[in-house]
Amino acid sequence: MTLYLLLGLATGAILALTGAGGGILAVPLLVFGAGMSMAQAGPIGLLAVGMAAGLGAVIGLKKRVVRYRAALLIAGAGMLLSPLGLWLAARVDNRGLTLLFAMVLAIVAYRGFRKAGGSASQTDAGARPPPCVRDTASGRFIWTRPCARALTIAGGIAGLLSGLLGVGGGFVMVPALRRYTDLSMDATIATSLAVIALVSASGVASSIAAQRLEWAAALPFCAGALAGMTGGRFVAERMASAHTQRAFAAVAAMVALGMVLKTVLPLLR
Numbered sequence: 195m196t197l198y199l200l201l202g203l204a205t206g207a208i209l210a211l212t213g214a215g216g217g218i219l220a221v222p223l224l225v226f227g228a229g230m231s232m233a234q235a236g237p238i239g240l241l242a243v244g245m246a247a248g249l250g251a252v253i254g255l256k257k258r259v260v261r262y263r264a265a266l267l268i269a270g271a272g273m274l275l276s277p278l279g280l281w282l283a284a285r286v287d288n289r290g291l292t293l294l295f296a297m298v299l300a301i302v303a304y305r306g307f308r309k310a311g312g313s314a315s316q317t318d319a320g321a322r323p324p325p326c327v328r329d330t331a332s333g334r335f336i337w338t339r340p341c342a343r344a345l346t347i348a349g350g351i352a353g354l355l356s357g358l359l360g361v362g363g364g365f366v367m368v369p370a371l372r373r374y375t376d377l378s379m380d381a382t383i384a385t386s387l388a389v390i391a392l393v394s395a396s397g398v399a400s401s402i403a404a405q406r407l408e409w410a411a412a413l414p415f416c417a418g419a420l421a422g423m424t425g426g427r428f429v430a431e432r433m434a435s436a437h438t439q440r441a442f443a444a445v446a447a448m449v450a451l452g453m454v455l456k457t458v459l460p461l462l463r
């Protein structure tokens, strides 16, 4: 129980320091730290990330920065595909899931290094406006077919990966909202957290129905994640975001390499 609590604390702290995408390390922590398989760790990681994201979404709602209509549309698409991801996860062997997760982690690490270097945040002054823009008077999105299509596709991808790999999908949602909308960073993160909480709830419900959630490990892990996120917020306010993003990217890259080695080395013996 203590081990799961400590792993949860680490997960929550990473979430607080790095934002919505940091929850992707929850599953590797359970795989390496507790010796779980991907299929066992996925639902637990999804529950913990969903609870932590829910806490962040509530804070965002109080600040009135969550675009709830967009969040509901994106989450609706994610909820439709999350059960498909769970179905696939039960039929893909642990080696294949591990390599797929390592590939996703490598992509996240690459994006983290770019973001820390500032190249991902620069936009051209004459760039084409995103498909989802807000009305200057009301602050609400002007809904168009390209806007709805872009957000639906992003939500579907996030939902599929959440069911398949047990990740919240923040590493998909944050870049998608930055690319396809004109939201500020605060609104992007808050809306992304709302989506993650809703999609994770759907995936966890499916895991419970399929009796794939190990409560003895999930409860202390989730308690630790909430405590870690609460405490980590105080540290995050005192650290430069570029430094934390660079450190997160380095950790993600090392974990991805470790997952590949753990899968491939036994085959070479």
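For the sequence shown, position 119 matches number 313 in our numbering, and the numbering has no gaps at all. Here a beta-carbon is modelled for each residue, glycine too, at the ideal position from N, C-alpha and C. This one's a predicted model, so the numbers in the text were calculated from it and none came from an experiment.
Assuming the contact rule is C-beta atoms closer than 8 Å, residue i and residue j should be a hit. Round their C-beta distance to whole Å, please.
i, j, result
"residue 345", "residue 268", "5 Å"
"residue 378", "residue 273", "Not really, about 26 Å apart at Cβ, beyond 8 Å."
"residue 407", "residue 241", "7 Å"
"residue 361", "residue 221", "7 Å"
"residue 464", "residue 335", "The question about residue 464 has no answer, for the chain in this structure spans 195 to 463."
"residue 181", "residue 323", "As displayed, the chain neither begins before 195 nor continues past 463, which places residue 181 out of reach and without an answer."
"residue 277", "residue 357", "6 Å"
"residue 393", "residue 352", "6 Å"
"residue 367", "residue 209", "Not really, about 14 Å apart at Cβ, beyond 8 Å."
"residue 376", "residue 327", "5 Å"
"residue 243", "residue 217", "4 Å"
"residue 307", "residue 443", "5 Å"
Taking the straight line between their C-alpha atoms, what separation do you get for residue i and residue j?
i, j, result
"residue 225", "residue 456", "11 Å"
"residue 188", "residue 256", "This structure leaves residue 188 out entirely; the chain is present only between 195 and 463."
"residue 371", "residue 382", "6 Å"
"residue 449", "residue 211", "18 Å"
"residue 271", "residue 294", "22 Å"
"residue 453", "residue 331", "49 Å"
"residue 280", "residue 447", "25 Å"
"residue 333", "residue 246", "27 Å"
"residue 248", "residue 428", "18 Å"
"residue 365", "residue 302", "7 Å"
"residue 316", "residue 418", "Its pLDDT being 44, under 50, residue 316 is placed unreliably in this model, and the value from its coordinates should be taken loosely. Near 36 Å, if we compare the C-alpha coordinates of residue 418 and residue 316."
"residue 207", "residue 438", "11 Å"
"residue 292", "residue 304", "18 Å"
"residue 203", "residue 237", "17 Å"
"residue 386", "residue 251", "8 Å"
"residue 287", "residue 230", "14 Å"
What is the residue span of the alpha helix (DSSP H) that residue i lies within?
i, result
"residue 261", "First-last for residue 261: undefined, no H or E at that position."
"residue 286", "Looking at the DSSP string, residue 286 is not in any alpha helix (DSSP H), and its letter there is neither H nor E."
"residue 224", "220-228"
Under a three-way DSSP split, which group does residue i fall into?
i, result
"residue 195", "coil"
"residue 440", "helix"
"residue 231", "coil"
"residue 422", "helix"
Using a Cβ-Cβ distance under 8 Å, would residue i count as near chain C?
i, result
"residue 426", "Structure shown: chain C not included; a single protein chain is present."
As an exercise, report each continuous alpha helix (DSSP H) stretch of at least 4 residues that is fully enclosed by the segment 296-362, in chain order. 339-359
Inside the segment 356-418 only - alpha helix (DSSP H) runs reaching at least 4 residues: 364-374 and 379-403
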